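K.L.:
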Amino acid sequence: MSLSLFDMSVPVMIHALSNLSTLLDKAAEHAEAKKIEPLVFTQARLFPDMLPLSRQVQIACDGAKGAAARLAAVEVPKHEDTEKTIAELKARIAKTVEFLQSVKREQFDGAENREIVLTFPTRTLKFTGLSYLNLYALPNLYFHVTMTYALLREGGVEIGKRDFLGPIQ
1 MSLSLFDMSV PVMIHALSNL STLLDKAAEH AEAKKIEPLV FTQARLFPDM LPLSRQVQIA
61 CDGAKGAAAR LAAVEVPKHE DTEKTIAELK ARIAKTVEFL QSVKREQFDG AENREIVLTF
121 PTRTLKFTGL SYLNLYALPN LYFHVTMTYA LLREGGVEIG KRDFLGPIQ
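For the sequence shown, my numbering assigns the number 1 to the initial residue and increments by one for each residue that follows.
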């Protein structure tokens, strides 16, 4: 069996988002144990011009569902960016994972050569499916998961590399 873009994307994104959810669990536990208002974590930034943790989680979810949808040639689900609490962010992650689990391997047939076009206010990026996944979608996902990890670690949550990587089989 050959390796498909499905294999390189959907299970990887589900794993990263599941680990992200676990990081948020640890933040909630830490907040409760230390009597810290949990919104301190969801509003945290490493620097004033940086997006807060809540937005980092939203973007990680948006990137994952957008990548899977584009590669599977289906409509990208839309989620409002209204989450403020850890529980709401975990629900957003769960909704994203549910979507990822709904896409089928067959929908990715030929995706490596599918044209993916992303339009931003200042530029347009054009990719093949393979370059989109490897050069944009996965790095973007890991960037935002890493920023969430860094914000929680900076906030005193006792997490480490094993928490970031999650269970490895």
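Glycine is no exception: its CB is placed at the ideal position from the N, C-alpha and C atoms. Quick caveat, the model's predicted, so the values are computed rather than measured.
Evaluate T119 with the Cβ neighbour count: other Cβ atoms within 10 Å of its Cβ, from every protein chain shown; 16 or more gives buried, anything less gives exposed.
P.N.:
Classification of T119: exposed, given that the 10 Å Cβ count is below 16.
K.L.:
Residues bridged to V117 by DSSP?
P.N.:
Its beta-bridge partners are K126.
K.L.:
Does DSSP classify R45 as helix, strand or coil?
P.N.:
R45: coil per DSSP, three-state reduction.
K.L.:
Since V97 is in the alpha helix (DSSP H), which residue starts that stretch and which ends it?
P.N.:
Per DSSP, V97 belongs to the alpha helix (DSSP H) from I86 to S102.
K.L.:
If L23 sits next to A64, beta carbons under 8 angstroms apart, how far is it from one beta carbon to the other, in whole angstroms?
P.N.:
About 15 angstroms separates the two Cβ atoms, so there is no contact after all.
K.L.:
Whole angstroms is fine: what's the gap from F6's alpha carbon to N113's?
P.N.:
The straight-line gap from Cα to Cα measures roughly 13 angstroms.
K.L.:
Specify the secondary structure class of E32 as computed by DSSP and reduced to three states.
P.N.:
In this structure, E32 counts as helix in the three-state DSSP scheme.
K.L.:
Helix, strand or coil: how does DSSP classify K78 here?
P.N.:
In the structure shown, K78 sits in coil (DSSP, three-state: anything other than H, G, I, E or B).
K.L.:
Is DSSP giving S9 helix, strand or coil here?
P.N.:
Reduced to three states, the DSSP call for S9 is helix.
K.L.:
According to DSSP, is A69 helix, strand or coil?
P.N.:
DSSP places A69 in helix when its eight states are reduced to three.
K.L.:
How far does the alpha helix (DSSP H) with M147 in it extend, from its first residue to its last?
P.N.:
Start and end: L138 to E154.
K.L.:
With burial defined as no fewer than 16 other Cβ atoms inside 10 Å of the residue's Cβ, what is the status of G156: buried or exposed?
P.N.:
When all chains shown are included, G156 counts as exposed.
K.L.:
Is E112 helix, strand or coil by DSSP?
P.N.:
Note: E112 maps to helix in three-state DSSP.
K.L.:
Kindly indicate which residue of V103, T128 and V117 has the alpha-carbon position closest to the one of G110.
P.N.:
Closest by alpha carbon: T128.
K.L.:
Quick check: the segment 95 to 110 against the segment 54 to 74, are there 3 or more CB pairs under 8 angstroms?
P.N.:
With a cut-off of 8 angstroms, the segment 54 to 74 and the segment 95 to 110 count as touching, because enough Cβ pairs lie within range.
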